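*Asks:* Questions regarding the structure given below will be posed in turn.
Numbering (the working numbering), first residue to last: 333 to 439.
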């Protein structure tokens, strides 16, 4: 099973990534992240994890989307800590833009 994960460096996303890495049925994990994912780099089996660095979550190019081909699910854990709420925010449109590009590309 191939799954997509966003927010893997955060509190919730890192817990989800940990659970995914422990699940043998998940054969490929595609992480879309704004920065490198240390947990993925330190994984016992890094060959099944693909970290895709993406600064702009409003747009997705065909190269990124082609790396997600065959994915059967997505966990959207992208967000910010409550301590940073005044400094940065995650627009609610990010998941909608991703769905649009993903489905437009594959269907």
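For each residue, glycine too, the CB sits at the ideal point set by N, CA and C.
These numbers were taken from a predicted model, which means no experiment stands behind them.
Tell me which same chain residues have a C-beta within less than 8 Å of the C-beta of residue 385, skipping the five on either side of it?
*Replies:* 365, 366, 367, 368
*Asks:* For the putative contact between residue 338 and residue 410, defined by C-beta atoms under 8 Å, what is the C-beta separation to the nearest angstrom?
*Replies:* 4 Å
*Asks:* Rounded to a whole number of angstroms, what is the C-alpha to C-alpha distance between residue 408 and residue 362?
*Replies:* 12 Å
*Asks:* Could you spell out the range, first to last residue, of the alpha helix (DSSP H) harbouring residue 344?
*Replies:* Following the DSSP letters along the chain, one finds residue 344 inside the alpha helix (DSSP H) bounded by residues 343-354.
*Asks:* Between residue 333 and residue 357, what straight-line distance do the alpha-carbon atoms span, to the nearest angstrom?
*Replies:* 6 Å
*Asks:* Between 389, 395, 401, 399, which has its C-alpha nearest residue 428's C-alpha?
*Replies:* 389
*Asks:* So, with DSSP's three-state summary, where would you put residue 428?
*Replies:* helix
*Asks:* Using the beta-carbon count (16 or more within 10 Å), is residue 335 buried or exposed?
*Replies:* Per the 10 Å Cβ criterion, buried.
*Asks:* Assuming residue 400 and residue 371 make a contact with CB atoms under 8 Å, what is their CB distance in whole Å?
*Replies:* Going by Cβ atoms, the distance from residue 400 to residue 371 rounds to 20 Å, so no, they are not a contact pair.
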